[in-house]
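Residue numbers (my numbering), protein chains in the order written: chain W, 1 to 110; chain G, 1 to 109. A quick write-up on the structure given underneath.
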Amino acid sequence: SQTIHQWPATLVQPVGSPLSLECTVEGTSNPNLYWYRQAAGRGLQLLFYSVGIGQISSEVPQNLSASRPQDRQFILSSKKLLLSDSGFYLCAWSEQGEAFFGQGTRLTVV
Amino acid sequence: RKEVEQDPGPFNVPEGATVAFNCTYSNSASQSFFWYRQDCRKEPKLLMSVYSSGNEDGRFTAQLNRASQYISLLIRDSKLSDSATYLCVVRGSNYQLIWGAGTKLIIKP
């Protein structure tokens with residue numbers, strides 16, 4: 001069966017520090033991969049999606065970037081975090097139907 | 001107009017009651033539809049897919065109205081544990097999933 005792993009679960013980082021969140025999927029090949037951010041009490045905001053290795057589509061221009069170095073690995077990065085980058089970050093995978101989420105990373109930038 | 005719209009609620013409903021939410025979508029070419037449940041500070045989890053003919057899973061019934069471009073979720077005999085935010089999701093003609101902002105449901109004893 002397919003599983004998705006996302007880590008860390010919580011993270012507190014100072015303003016200006018770098019960020020790297022990793023997500024891996026097992027049990028499937030060539031999945032569509034997504035990074036979302038959810039502010040408190042708000043809906044999901046799509047940040048990036050990828051339909052294959054090295055293929056990244058950015059939905060919202062901002063302080064973040066994404067990479068897909070391997071088929072089942074999706075990384076969210078920032079060179080310098082801003083206070084506004086705080087939020088709940090969710091990685092998800094899908095094939096042609098529904099999406100399945102990792103446990104999420106709660107990022108607090110201080 | 002947002003691509004997928006939901007009433008944010010909250011819907012305050014007594015335990016045992018029936019509650020229904022709708023979700024409207026703007027892209028008539030949308031291909032598939034889902035309802036997710038999200039508990040506070042947790043990731044969304046798939047509740048059920050929505051099929052053209054409507055489908056039922058226990059106390060939950062989902063329906064699709066393509067002509068009016070909305071999907072609905074009906075919860076019968078609501079339980080305290082049904083309290084959550086319910087997200088509707090629409091898959092378009094590409095690989096993107098368009099999410100509603102969610103409807104918050106609070107079941108009161």
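A virtual CB, placed ideally from N, CA and C, is assigned to each residue, including glycine. As the structure is a prediction and not an experimental result, all values here were calculated from the model.
Quiz item: Would you call the stretch 74–81 of chain G and the stretch 10–25 of chain G in contact, with 3 or more CB pairs under 8 Å?
Solution: yes
Quiz prompt | Close Cβ partners of serine 83 of chain G (< 7 Å) along its chain, the five nearest in sequence each way excluded | solution = Only Leu105, Ile106 and Ile107 meet the Cβ criterion.
Quiz item: Is there a Cβ from chain G that is less than 8 Å from the Cβ of arginine 72 of chain W?
Solution: no
Exercise. Using 10 angstroms around the beta-carbon of glutamine 70 of chain W, count the other beta-carbons present and answer buried if the total reaches 16, otherwise exposed.
Key: exposed
Practice problem: For the beta strand (DSSP E) containing serine 78 of chain W, list its first residue and its last residue. | Solution: Note, serine 78 of chain W: beta strand (DSSP E), 73–78.
Self-check item: Spatial neighbours of glycine 16 of chain W in its chain, beta-carbon cut-off 7 Å, leaving aside the 5 residues before and after
Solution: Lys80 and Leu81
Practice problem: Using alpha carbons as the reference points, say which of W/Ala40, W/Thr28, W/Arg37 and W/Leu64 lies closest to glycine 52 of chain W. | Solution: Its Cα nearest to that of glycine 52 of chain W, the residue W/Thr28 stands out among W/Ala40, W/Thr28, W/Arg37 and W/Leu64.
Quiz item: When we look at the beta-carbon of valine 89 of chain G and count the other beta-carbons within 10 Å, is it buried (16 or more) or exposed?
Solution: buried
Quiz item: What number of angstroms, rounded off, separates the C-alpha of methionine 48 of chain G from the C-alpha of tyrosine 36 of chain G?
Solution: 7 Å
Quiz item: So, are the CB atoms of asparagine 32 of chain W and serine 50 of chain W less than 8 Å apart?
Solution: Yes; because the gap between Cβ atoms is below 8 Å, this pair is in contact.
Self-check item: Local Cβ density within 10 Å of cysteine 40 of chain G, reported as buried at 16 or more and exposed below that
Solution: With fewer than 16 neighbouring CB atoms inside 10 Å of its own CB, cysteine 40 of chain G falls in the exposed class.
Quiz item: Does DSSP put serine 72 of chain G in a helix, a strand or coil?
Solution: strand
Practice problem: Could you work out which residues of chain G lie near leucine 44 of chain W, taking near to mean beta carbons separated by less than 7 Å? | Solution: Those within 7 Å of leucine 44 of chain W in chain G are Trp99.
Quiz item: Which partner residues of leucine 97 of chain G appear in the DSSP bridge assignment?
Solution: Per DSSP, G/Arg91.
Quiz item: Helix, strand or coil for leucine 81 of chain W per DSSP?
Solution: DSSP places leucine 81 of chain W in coil when its eight states are reduced to three.
Quiz item: Of the choices W/Leu76, W/Gly102 and W/Phe88, whose alpha-carbon is the least far from that of glutamate 26 of chain W?
Solution: Here the closest residue by C-alpha is W/Gly102.
Exercise. May I ask you to report which of helix, strand or coil DSSP gives aspartate 82 of chain G?
Key: helix
Quiz prompt | Where aspartate 57 of chain G falls: helix, strand or coil (DSSP) | solution = strand
Practice problem: Measure from the alpha carbon of leucine 11 of chain W to the alpha carbon of each residue in W/Trp93, W/Ala92, W/Asp85 and W/Glu95, then state which is nearest. | Solution: If you compare the alpha carbons of W/Trp93, W/Ala92, W/Asp85 and W/Glu95 with that of leucine 11 of chain W, the shortest gap goes to W/Asp85.
Quiz prompt | Cut-off 7 Å between Cβ atoms - residues of its own chain near arginine 91 of chain G, not counting five sequence neighbours on either side | solution = Ser30, Gln31, Ser32 and Leu97
Quiz item: Can a CB atom of chain W be found closer than 8 Å to the CB of glycine 102 of chain G?
Solution: So yes, glycine 102 of chain G belongs to the interface.
Exercise. Look up tyrosine 49 of chain W in the DSSP assignment and say whether it is helix, strand or coil.
Key: strand
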